[in-house]
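What the sequence shown shows, in this note's numbering, is residues 8 to 149, in sequence order. Only one structure is covered here, and it is reproduced in the block below.
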Amino acid sequence: MTDGSWAAMRPVLMLAASSGPDLDDVMTVLVRHEPDYVLVTVAGEVDFASAAGLRERLFTLASAGRPLVADLDRVSFIDAAGLGVLAGAARQAAAHGGSLRVVCARRQVRRLFGLTQLDQAVPVAASLAEVQVAAGIDAEAV
């Protein structure tokens, strides 16, 4: 190889600017107080970076002693930190006379609950109606 051909083969590093975070990655939490329970709808990625915010919100709600229902249908990713938050919130709710149940129709998320045996501490249902039946919540209250 000549020096000219070596220069032509050097790797080139190219950087592209991002227009900001992907909205599917940003975790959002919406809380709706129903007569018989509190519905917490979580969307986006629940990971190490967002777990503290979710923990703060769920633990505050769990301290009130009302039944909590966490809707994870819009969660695109959840890691061990997120699962740990849910386990801790279930303990917090139980300590204050409440409970935590999870709604999630996504097979991948439900599978994680089974693999980690978290489904033994936090009941998981495929729909809100299923949670209402299991918890004895009046479906007309929704």
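Virtual Cβ for every residue (Gly too), placed ideally from N, Cα, C. Please read these numbers as outputs of a predicted model, since none were measured by experiment.
Item to check | DSSP-derived helix/strand/coil call for T123 | outcome: In this structure, DSSP gives T123 a state outside helix and strand, which the three-state scheme calls coil.
Checklist entry - How close, in whole Å, do the beta carbons of A69 and R108 come, if the pair is a contact with beta carbons under 8 Å? => result In fact, because the Cβ distance is near 12 Å, the residues do not count as touching under 8 Å.
Checklist entry - Between the C-alpha atoms of R118 and L90, what's the straight-line distance to the nearest angstrom? => result Between the alpha carbons of R118 and L90 lies a gap of roughly 12 Å.
Item to check | Where G91 falls: helix, strand or coil (DSSP) | outcome: Helix, per DSSP.
Checklist entry - Nearest-angstrom Cα distance between D43 and A71? => result Going from the Cα of D43 to the Cα of A71 covers about 13 Å.
Item to check | Beta-carbon separation (whole angstroms), G51 vs V33, contact threshold 8 Å | outcome: The Cβ separation is near 5 Å, so the contact holds.
Checklist entry - S57 by DSSP, collapsed to three states: which one? => result Residue state, collapsed to three classes: helix.
Item to check | Residue closest to S57, alpha-carbon to alpha-carbon, out of F66, V38 and I85 | outcome: The alpha carbon of S57 has as its nearest neighbour, out of F66, V38 and I85, the alpha carbon of I85.
Checklist entry - What residue range is occupied by the uninterrupted alpha helix (DSSP H) comprising A142? => result Per DSSP, A142 belongs to the alpha helix (DSSP H) from L135 to A142.
Checklist entry - Comparing alpha-carbon positions, which option in F55, V53, L65 and D54 lies nearest V47? => result The alpha carbon of V47 has as its nearest neighbour, out of F55, V53, L65 and D54, the alpha carbon of L65.
Next on the checklist: Quick check on F150: buried or exposed, where buried means 16 or more other Cβ atoms within 10 Å of its Cβ?
Outcome noted: Nothing about residue 150 can be reported from this structure: the residues present for the chain run from 8 to 149 only.
Item to check | Alpha-carbon to alpha-carbon, V82 and Q99 | outcome: Those two C-alpha atoms are separated by around 22 Å.
Item to check | Nearest-angstrom Cβ-Cβ length linking V138 and V76, presumed shorter than 8 Å | outcome: Indeed, because the Cβ distance is near 6 Å, the residues count as touching under 8 Å.
Next on the checklist: Along the chain, where does the beta strand (DSSP E) containing D80 start, and where does it finish?
Outcome noted: Run containing D80: L75 to I85, per the beta strand (DSSP E) assignment.
Item to check | Through-space distance from A88 to I144, alpha-carbon basis | outcome: In this model, I144 and A88 are separated by some 29 Å (Cα to Cα).
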